[in-house]
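Chemist:
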Amino acid sequence: MATYTVPANGKSKRTKREGGGREKRGPKRQELDDGSVAYNKKVTTSASSAAIPSFELSMSMPIPLADPRPIDVLHPKPRQMNPAFMKHSDVLRQSWAFFEVADKVSNRNGFRYTYAVADPGFPHILYRQTDVPPYHSRFSFEDSPASIAFTKNGLAVSTNDPWHSARANICAREGTYYYEARVISGIVRNKTAPPGPSPRGNVRLGFARREADLDVNVGVDCYGYGIRDVNGEVVNRMRCEYFFPKDEAIYEGDVIGMLITLPSLGLHKKIVEGTYDPAVDGDGSEASAHKTSTSQQQPAPMNLIRDRIPFHLKSDFLYQQNHIFPCKHLRDYAFNLKETPTYGPPSPRNVEDPSLRTLPGSSITIYKNGVRMGTPFSNLYAFLPPASRLTQASNNLGIGERENADDGMIGYYPMVSCHNGGAVECRFEAPWWVGPPDQEVLGVKPFGERFNEQIVEDVVADMVDEIEAMFMGWSVTGALSGVATTTGLNSAAGAAIGTGTGTGTGPGTAAGTPQRAQSVAGDVRMQMDGAGGTPGPMEG
11 MATYTVPANG KSKRTKREGG GREKRGPKRQ ELDDGSVAYN KKVTTSASSA AIPSFELSMS
71 MPIPLADPRP IDVLHPKPRQ MNPAFMKHSD VLRQSWAFFE VADKVSNRNG FRYTYAVADP
131 GFPHILYRQT DVPPYHSRFS FEDSPASIAF TKNGLAVSTN DPWHSARANI CAREGTYYYE
191 ARVISGIVRN KTAPPGPSPR GNVRLGFARR EADLDVNVGV DCYGYGIRDV NGEVVNRMRC
251 EYFFPKDEAI YEGDVIGMLI TLPSLGLHKK IVEGTYDPAV DGDGSEASAH KTSTSQQQPA
311 PMNLIRDRIP FHLKSDFLYQ QNHIFPCKHL RDYAFNLKET PTYGPPSPRN VEDPSLRTLP
371 GSSITIYKNG VRMGTPFSNL YAFLPPASRL TQASNNLGIG ERENADDGMI GYYPMVSCHN
431 GGAVECRFEA PWWVGPPDQE VLGVKPFGER FNEQIVEDVV ADMVDEIEAM FMGWSVTGAL
491 SGVATTTGLN SAAGAAIGTG TGTGTGPGTA AGTPQRAQSV AGDVRMQMDG AGGTPGPMEG
C-alpha cells in the first residue's frame, strides 16, 4: 500500500509506508492431502453458449441479388491465366510453364469463394453451386495467395517469393486417402554443393486445415502437418523433428507419397461433442472400427449449412462464405514452449475446449519413391465443429448462433509450400508415378475420388436448401418484389413461423427481422436476411 504527498512544486510524490512494499506472489502449486502437487489452473473462456450445433441449424434465408442477369445461366468461364515464368529440370529432363491467375478473388477478411450458376430447377433459391475448369482434383485458384503460380492444369505450383502455400480443392473428412507430390525444382543431389539455401528453391509437403495461413509454410501452426525437403524433417507447431535417416533429404525428382487416415465421422462427432467413450466406441483402430461397425455404429447424420452471400464479379456469379478462424487454445498451444501445456495436453477427451481434442486412429504416413519412411504424425486434431468455428463477425447472418455450422468442406487438405523458386507437381489420382501401398494398407483411396464425392454432396445440399426454402415460404424472386411466396405446401410452416414466439408475422415479414423459425432441421433461432447483403471489399 502506498500514500501520496504533494510537495511545493505541485508534483505528487509516491512514498511507501513503513514495512510496506510489493506483496510477494504466492506459490503456483499447492500440496494436496495425498502428497501430490496440483498447479493453479488458468481460467479459460469457453465457446459461446449461444452457438447452435450444426445438426440443429436451419439454412439462412436466400439473399436476393440486386441485379440478376440473363447470363447467370451460363457456367463460369475458365480463369484467365497470364504467363509468369518457365521451370526446367535437368534431373527430370522436362519443362513446365507457370501462369498467374488474373482477377484472383481474395479478401482481407479471409472469406471463401465458390462459383454458382442460375438453374430453373431451383425456383426458390435460383442458383446452385458449380466450379470453374479444369474439372478435376487440383490446387485451388482461389484458395491460394496472389504470389502462387500454377500450370494450366492446376497440378503444379511455384513461387519466386518467400514462403507461400497452396491448398487443393479437395479435402479428407473420413477414411484413408493418398496423393503424390514430385519436386520439380528444389534441392539437387550434389555432395560437393556448399551448405546453405538451395539456389533452385525449397519446398514443404503435407496436409492442412482451412484455418492454416497460406502466407507461411505448412506446419508452422497446429493446423498443418508437413515435411521439409532439408534433412527430411517433419514439422508441426513450428517444431522440426528428425524423421529421415541421417544424410537423407528430399531432392529434385523425388516422389513423396502422402497417406492420411481419419476415423469415421460418427466417432469424430462423439469426440467433439464430449460423448466419446473408448470402452464403447473403440480406439479408432481397424479392429475396433470393425467391431463397432458390425454391432452398433451407424453412419453419422450430417447437416451441411452453407451461409452464403451472392455477388457478381464481372461476368461470373459467386458466393461468399465466412472463413474458419484459428482458435485461441490451439494458437496458445502452438506458441507455448513449456513442457506442460496451459490447457492440458491434446487428447480425445480434453475437457478445456473441443479444439484440443484429437482423433484416435488418425495418422499421416510418408513414402519416398515407393519406400515407406514411417508414420511421423498420429492422433491428429479434430476438425468438426465446434473444434472449428466460423469467423465471428457482425453481419446479417447471425454468426454468434451459427459459428458451429459445418459446410461440408471442413477437413484436411493436401497442401504444399514453395520458397524462392521451389516448385511441386502433384497427382491426386491415377496414373501415378509410383502408386499407393496396395498390400500394406487396405482401403486406400485416391484423393481424386473426393472431387466427384464433393460434387454429389453439393448437389444434395442444394436440393435440401431448395426444399427447405419451399417449406419455409422463402423465394428469392418474391424477396426481390418485396413479397414472399406462400403455397399450400408451406402454409403450415408459415403459420408456425408466425406464431412461434409472437415476434414474427409469417413469411411476409420484412427481411432482416429476427424470427423463431420452425424448419425441417428443428426449432432453431436464426436471423432472416434481406436484399442488402454485400460482400466485403475485394482485391482484384
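Quick note, the numbering used here runs 10 ahead of the 1-based positions in the sequence shown. Backbone N, C-alpha and C fix where the C-beta goes; we use that ideal spot for every residue, glycine too. None of these values were measured; they are calculated from a predicted model.
Among the candidates Phe387, Ala344, Leu369, whose CA atom is the shortest distance from the CA of Pro288?
Modeler: Here residue 288 is taken as the residue at index 278 of the sequence shown, counted from 1. Measuring from the Cα of Pro288, the nearest candidate turns out to be Leu369.
Chemist: At which residues does the beta strand (DSSP E) containing Asn464 begin and terminate?
Modeler: The sequence position of residue 464 within the sequence shown is 454, counting from 1. Asn is not the amino acid found at residue 464; the sequence shown has Gln there. Premise fails: Gln464 lies in the alpha helix (DSSP H), 459 to 482, not in any beta strand (DSSP E).
Chemist: Taking Cβ positions, are Asn170 and Pro144 nearer each other than 8 Å?
Modeler: Sequence index remark: in the sequence shown, residue 170 carries index 160 (1-based). Sequence index remark: in the sequence shown, residue 144 carries index 134 (1-based). Taking 8 Å as the Cβ cut-off, Asn170 and Pro144 do not qualify as a contacting pair.
Chemist: His134 by DSSP, collapsed to three states: which one?
Modeler: Position 124 of the sequence shown, counted from the start, is the residue given in the question as residue 134. In the structure shown, His134 sits in coil (DSSP, three-state: anything other than H, G, I, E or B).
Chemist: Quick check on Phe149: buried or exposed, where buried means 16 or more other Cβ atoms within 10 Å of its Cβ?
Modeler: Stepping through the sequence shown from its first residue, residue 149 is reached at position 139. Answer is buried; the Cβ neighbour count reaches 16.
Chemist: For Lys256, which of helix, strand or coil comes out of DSSP?
Modeler: The count along the sequence shown starts at 1 and reaches residue 256 at position 246. Three-state DSSP puts Lys256 in coil, outside helix and strand.
Chemist: For Pro209, which three-state DSSP category applies?
Modeler: Residue mapping note: residue 209 aligns to position 199 of the sequence shown, counting from 1. Reduced to three states, the DSSP call for Pro209 is coil.
Chemist: Pull up the distance between the alpha-carbon of Phe217 and that of Gly483, whole angstroms please.
Modeler: If you number the sequence shown from 1, residue 217 lands on position 207. If you number the sequence shown from 1, residue 483 lands on position 473. When rounded, the distance between both Cα atoms is 42 Å.
Chemist: If Val454 and Leu215 are in contact, beta carbons under 8 Å, what's the gap, nearest whole angstrom?
Modeler: For this step, residue 454 is matched to residue 444 along the sequence shown. For this step, residue 215 is matched to residue 205 along the sequence shown. Going by Cβ atoms, the distance from Val454 to Leu215 rounds to 18 Å, so no, they are not a contact pair.
Chemist: Using only the alpha-carbon positions, how far apart do Asp293 and Arg412 sit?
Modeler: By 1-based counting over the sequence shown, the position of residue 293 is 283. By 1-based counting over the sequence shown, the position of residue 412 is 402. Between Asp293 and Arg412, the C-alpha separation is close to 31 Å.
Chemist: Under the DSSP definition of a beta bridge, which residues are partnered with Phe321?
Modeler: Numbered from its first residue, the sequence shown carries residue 321 at position 311. Note: Phe321 sits in a beta bridge opposite Leu328.
Chemist: With H, G and I counted as helix, E and B as strand and the rest as coil, what does DSSP make of Ala156?
Modeler: Numbered from 1 along the sequence shown, position 146 holds the residue referred to as residue 156. Reduced to three states, the DSSP call for Ala156 is coil.
Chemist: Is the distance from the Cβ of Leu314 to the Cβ of Ala107 below 8 Å?
Modeler: In the sequence shown, counting from the first residue as 1, residue 314 sits at position 304. In the sequence shown, counting from the first residue as 1, residue 107 sits at position 97. Taking 8 Å as the Cβ cut-off, Leu314 and Ala107 do not qualify as a contacting pair.
Chemist: Taking the alpha helix (DSSP H) that Glu413 belongs to, which residues open and close that run?
Modeler: The residue given as residue 413 occupies position 403 in the sequence shown. Looking at the DSSP string, Glu413 is not in any alpha helix (DSSP H), and its letter there is neither H nor E.
Chemist: How big is the Cα-Cα spacing for Glu262 and Phe387?
Modeler: Taking the first residue of the sequence shown as 1, we reach residue 262 at position 252. Taking the first residue of the sequence shown as 1, we reach residue 387 at position 377. Approximately 24 Å between the Cα atoms of the pair.
Chemist: Asp264 and Lys378 look like a contact to me (Cβ under 8 Å); what is the Cβ gap, rounded to whole Å?
Modeler: Indexing the sequence shown from 1 puts residue 264 at position 254. Indexing the sequence shown from 1 puts residue 378 at position 368. With 8 Å as the limit, Asp264 and Lys378 qualify as a contact, their Cβ atoms being about 6 Å apart.
Chemist: When we look at the beta-carbon of Leu390 and count the other beta-carbons within 10 Å, is it buried (16 or more) or exposed?
Modeler: As a position in the sequence shown, residue 390 is number 380, starting the count at 1. By the neighbour-count definition (other C-beta atoms within 10 Å, threshold 16), Leu390 is a buried residue.
Chemist: Applying the criterion that 16 or more other CB atoms from any shown protein chain within 10 Å of the CB defines a buried residue, is Ser70 buried or exposed?
Modeler: Looking up residue 70 in the sequence shown gives position 60. With at least 16 other beta carbons inside 10 angstroms of its own, Ser70 counts as buried.
Chemist: Please determine, among Asp113, Arg138, His134, the residue with the shortest C-alpha to C-alpha distance to Thr124.
Modeler: Counted from its first residue, the sequence shown places residue 124 at position 114. Ranking the options by Cα distance to Thr124, first place goes to Arg138.
Chemist: With distance defined between alpha-carbon atoms, name the residue in Gly185, Asp100, Ile81, Arg238 nearest to Glu459.
Modeler: Working through the sequence shown from its first residue, we reach residue 459 at position 449. Nearest option by C-alpha distance: Gly185.
Chemist: Quick one, are the C-beta atoms of Ser154 and Ser195 less than 8 Å apart?
Modeler: As a working mapping, residue 154 is identified with position 144 in the sequence shown. As a working mapping, residue 195 is identified with position 185 in the sequence shown. Going by C-beta atoms, Ser154 is not nearer than 8 Å to Ser195.
Chemist: In whole angstroms, give me the CA-to-CA distance for Ser157 and Met383.
Modeler: In the sequence shown, residue 157 corresponds to position 147, counting from 1. In the sequence shown, residue 383 corresponds to position 373, counting from 1. Between Ser157 and Met383, the C-alpha separation is close to 32 Å.
Chemist: I need the straight-line Cα distance from Tyr235 to Glu251, nearest angstrom please.
Modeler: For the purposes of this step, residue 235 is taken as residue 225 along the sequence shown, with counting starting at 1. For the purposes of this step, residue 251 is taken as residue 241 along the sequence shown, with counting starting at 1. Each residue's Cα considered, the two are about 12 Å apart.
Chemist: Which term fits Lys87, buried or exposed, when burial requires 16 or more other beta carbons within 10 angstroms of its beta carbon?
Modeler: Along the sequence shown, read from residue 1 onward, the residue named residue 87 stands at position 77. So Lys87 counts as exposed.
Chemist: Return yes when the Cβ of Ile73 is within less than 8 Å of the Cβ of Ile319, no when it is not.
Modeler: Within the sequence shown, residue 319 is the residue found at index 309, counting from 1. Within the sequence shown, residue 73 is the residue found at index 63, counting from 1. Yes, the pair counts as a contact, with Cβ atoms nearer than the cut-off.
Chemist: Just the C-alpha distance for Asp82 and His322, rounded to the nearest angstrom, thanks.
Modeler: In the sequence shown, counting from the first residue as 1, residue 82 sits at position 72. In the sequence shown, counting from the first residue as 1, residue 322 sits at position 312. Those two C-alpha atoms are separated by around 9 Å.
Chemist: On the premise that Asp113 lies in contact with Ser324, defined as a C-beta separation below 8 Å, what is that separation, rounded to the nearest angstrom?
Modeler: Numbered from its first residue, the sequence shown carries residue 324 at position 314. Numbered from its first residue, the sequence shown carries residue 113 at position 103. With the sequence shown as reference, residue 324 is identified as Lys, and Ser is not the correct amino acid for it. Yes, Lys324 and Asp113 are in contact; Cβ-Cβ is about 7 Å, under 8 Å.
Chemist: From Cys428 to Gln331, what distance separates their C-alpha atoms?
Modeler: On the sequence shown, position 418 is the one that residue 428 refers to. On the sequence shown, position 321 is the one that residue 331 refers to. When rounded, the distance between both Cα atoms is 27 Å.
Chemist: Please identify the residue among Ser99, Tyr188, Val115 whose C-alpha is closest to the C-alpha of Arg89.
Modeler: As a position in the sequence shown, residue 89 is number 79, starting the count at 1. Here the closest residue by C-alpha is Val115.
Chemist: Can the beta-carbon of Ser68 be found less than 8 Å from the beta-carbon of Glu478?
Modeler: On the sequence shown, residue 68 is found 58 positions in, with the first residue counted as 1. On the sequence shown, residue 478 is found 468 positions in, with the first residue counted as 1. The answer is yes: Cβ separation under 8 Å.
Chemist: Can you check DSSP and say which residues form a bridge with Cys428?
Modeler: Taking the sequence shown and counting its residues from 1, the one referred to as residue 428 is at position 418. Under DSSP, the beta-bridge partners assigned to Cys428 are His174, Val213.
Chemist: Classify Phe393 as buried or exposed, calling it buried when 16 or more other Cβ atoms lie within 10 Å of its own Cβ.
Modeler: If you number the sequence shown from 1, residue 393 lands on position 383. Buried, by the Cβ-count rule.
Chemist: Quick one: residues in its chain with C-beta nearer than 7 Å to the C-beta of Pro311, no 5 flanking neighbours on either side, listed in chain order?
Modeler: As a position in the sequence shown, residue 311 is number 301, starting the count at 1. Once the five neighbours on either side are set aside, the close Cβ partners of Pro311 are Phe65.
Chemist: For Arg437, count the other beta carbons within 10 Å of its own beta carbon; 16 or more makes it buried, fewer makes it exposed. Which is it?
Modeler: Position 427 of the sequence shown, counted from the start, is the residue given in the question as residue 437. Label assigned to Arg437: buried.
Chemist: Between which residues of its own chain and Ile281 is the CB-CB distance below 7 Å, once the five residues before and five after are set aside?
Modeler: On the sequence shown, residue 281 is found 271 positions in, with the first residue counted as 1. Only Pro358, Arg367, Leu369, Ala392 meet the Cβ criterion.
Chemist: Let me know if Leu84 comes out buried or exposed under the rule of 16 or more other beta-carbons within 10 Å of its beta-carbon.
Modeler: In the sequence shown, the residue the question calls residue 84 occupies position 74. By the Cβ-count criterion, Leu84 is exposed, with fewer than 16 other Cβ atoms from all chains shown falling within 10 Å of its own Cβ.
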